[in-house]
Each structure stands twice: as C-alpha cells, then as structure tokens.
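A quick write-up on the structure given underneath.
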Amino acid sequence: MADIWIAVVQGIVEGLTEFLPISSTGHLILSGHLLGFTGDKAETFEIVIQLGAILAVALLYWRRLLRLIGWEDPSYEKQSNKSLTLIHIFLAIVPAMLLGLLMHGLIKDYLFTPQTVLIGLVVGGFFMIFAERKHTIVIAKTMDELSYRQAFQIGIAQCLALWPGFSRSGATIAGGLLSGANLRTSADFSFLIAVPMMVAATSYDLMKNMGHLSMDDLSFFLVGFIVSFIVALLAVVSFLKLLEKVKLSSFAYYRFILAGVFWLYMVGIGLD
Numbered sequence: 001m002a003d004i005w006i007a008v009v010q011g012i013v014e015g016l017t018e019f020l021p022i023s024s025t026g027h028l029i030l031s032g033h034l035l036g037f038t039g040d041k042a043e044t045f046e047i048v049i050q051l052g053a054i055l056a057v058a059l060l061y062w063r064r065l066l067r068l069i070g071w072e073d074p075s076y077e078k079q080s081n082k083s084l085t086l087i088h089i090f091l092a093i094v095p096a097m098l099l100g101l102l103m104h105g106l107i108k109d110y111l112f113t114p115q116t117v118l119i120g121l122v123v124g125g126f127f128m129i130f131a132e133r134k135h136t137i138v139i140a141k142t143m144d145e146l147s148y149r150q151a152f153q154i155g156i157a158q159c160l161a162l163w164p165g166f167s168r169s170g171a172t173i174a175g176g177l178l179s180g181a182n183l184r185t186s187a188d189f190s191f192l193i194a195v196p197m198m199v200a201a202t203s204y205d206l207m208k209n210m211g212h213l214s215m216d217d218l219s220f221f222l223v224g225f226i227v228s229f230i231v232a233l234l235a236v237v238s239f240l241k242l243l244e245k246v247k248l249s250s251f252a253y254y255r256f257i258l259a260g261v262f263w264l265y266m267v268g269i270g271l272d
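Note that full-length UniProt numbering has the sequence shown beginning at 1, numbered continuously upward.
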C-alpha cells in the first residue's frame, strides 16, 4: 500500500509539473528524496509516468498533430497562407535531441541531484524573467505564423532544459518570447513539440532501463501512469487559461521560493 501511495504522489507531481515552466524532473527528484524513493526503480518509474503525461498532451493536440502529417481537418480555417509544418517541429527538437544523445551519460551521472536541480530552478527562473522583459515585438500570434528561424531559436533554447531543474517548457516558452512569438503561441508550440521530444527521450531511457521492469510492479507503474495522465490533462488546460491572467515571471518566483525552501531543508538534514 505504501508503494501505491508513492505512485499516486509522484504521478500527481509529474502530471502537475511536466508542462508547467517549473521543471517536472526537478520536482520528481526533490519529491523522490523526500519520499525516500530513489534508485533504479525510481528512475524507471519516472520514465513510465512521463509517458502518461505525453499521452495527455497528444490527446489535447490530436487535431494539430494529425494535420502535421497531412490529415485534412474540415473544421480548420487557415488565417493566412502560412502554416506550421513538420520542418518547424524538426528544427525545434533536433538541437536538444542531438545534444542529449551526446551528453546523456554525463547528464545522468552528474546532474540528477537535489543540489544541481536547485541551481537549475534558480537559473531557469532568471532566464524566464529575462525573456519576459525582453519580449517587446510580437511577430507570431499563432503557431501557423512561426517562421523556421523562430522554431530553430526555440529549439536552441530547449537545449537548456537538459539541465534538470531548468524546465523544458520554461526554456521553450521563454525561447518563444525571445524569438518574437506571443505567450500563448509559445506555450502551444512548447506543448506540441513536447510529444515527439519526450517520446524519443523516454523511449531511449526505457530501453536502457528495461531490466528494472518487473511484473510484480505492474500495478505500481500503472497507477502512476494513470494518475499522471489525468493530472497532466487538467494541468495543461488550466495552465493555458491561467496564462491569460498571469505572467511567466510568476512561475519564476515560485521556482525561487521552492529552491529556497528545499535548500533550507537540505541544510537541516546535512545534504548541502
């Protein structure tokens, strides 16, 4: 029963944080240490529940994903001759994929610790504030207005998220603002490119961790997957509505508070 509660808690953490600019990996590492849930099984579990979050976004953006591969949507009315294509997606995901493959071992060995996560939370927060303050000219008000150059700039920004705690969505949304996209377009594009990006990353990690999967853990992994899917579904919809009322910097300030609180906790237990 204790394992099931861990699955529920970690599933909620993953679902809530995966697509918010506050770092799901960072939250999972921190919550895992608080729960005493670390090691190979924990790492494999995190991969599985990320797939639940991916499924939630794929469900929300299914029309757009199908249009990218040539499906004609009769309800879709183009506002201009421009259109988002697979080339945009390719330009946005390849930089981080290539760098992730080259540095996968180093990242897993040296950056998946509470201390490095706290650094990522703080530095990523400052990057988000910087992007928001520099965001003065809007070139793209919808994803269909994004240029190849903007997609590539967002892809370069996504490389920063290879540092746990920095946040993939935080990096890409901030990168979108710096490229000249508005906040909603940056968020939509961030969520859309998360599907191929995370499918590739989790599939790679899953293959490397297959030895840690066991039929005895089936219910544990299934609970985490389902909880993550449901919570991520609600979180993405809520976040998109929230963007109409709050600024990106609000999430940066949350990151600073989280980093400060957890640093004080680590000092208290002698982990600093």
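The beta-carbon is built from N, C-alpha and C at its ideal position, and this holds for glycine as well.
Within 8 Å, do at least three Cβ pairs link the stretch 117-132 to the stretch 25-45? yes
Beta-carbon proximity list for Tyr254, same chain, < 7 Å, skipping 5 on both sides: Ile22
Assuming Leu233 and Ala56 make a contact with CB atoms under 8 Å, what is their CB distance in whole Å? 4 Å
From Glu46 to Ile173, what does the alpha carbon distance come to, in whole angstroms? 23 Å
Is it right to say Asp188 is buried, meaning 16 or more other beta carbons lie within 10 angstroms of its own, or is it exposed? buried
What is the rounded straight-line gap between the Cα of Gly180 and the Cα of Val138? 5 Å
Pull up the DSSP beta-bridge partners for Ala181, would you. Ala140
7 Å Cβ cutoff met for Gly224 and Ile69: no
Taking the straight line between their C-alpha atoms, what separation do you get for Leu218 and Lys134? 48 Å
Over what stretch of residues does the alpha helix (DSSP H) that includes Pro95 continue unbroken? Leu86 to Tyr110
Using CA coordinates, which residue listed in Thr44, Ala161, Ile6 and Val236 is at the minimum distance from Tyr61? Val236
Where does Ile22 fall in DSSP's three states? coil
Taking C-beta to C-beta, are Ser228 and Gly15 nearer than 7 Å? yes
Which of the three DSSP states, helix, strand or coil, is assigned to Val261? helix
Pro164 by DSSP, collapsed to three states: which one? coil
Alpha carbon to alpha carbon, how far is Ala157 from Tyr126? Give it in angstroms, no decimals. Looking at the sequence provided, one finds Phe at residue 126 rather than Tyr. Their Cα atoms are separated by approximately 14 Å.
Whether Thr185 touches Thr142 by CB criterion (7 Å): yes
Distance between Leu34 and Ile269 (C-alpha atoms, nearest Å): 11 Å
For Ser203, does the three-state DSSP call read helix, strand or coil? helix
Find the nearest neighbour of Asp109 within the set Pro164, Ile87, Trp71 and Pro95, judged by alpha-carbon distance. Pro164
Please tell me whether Val223 has its Cβ less than 7 Å away from any Cβ of chain D. Although the question refers to chain D, the structure presented lacks it and comprises just one protein chain.
Rounded to whole angstroms, what is the Cα-Cα separation between Glu132 and Leu213? 42 Å
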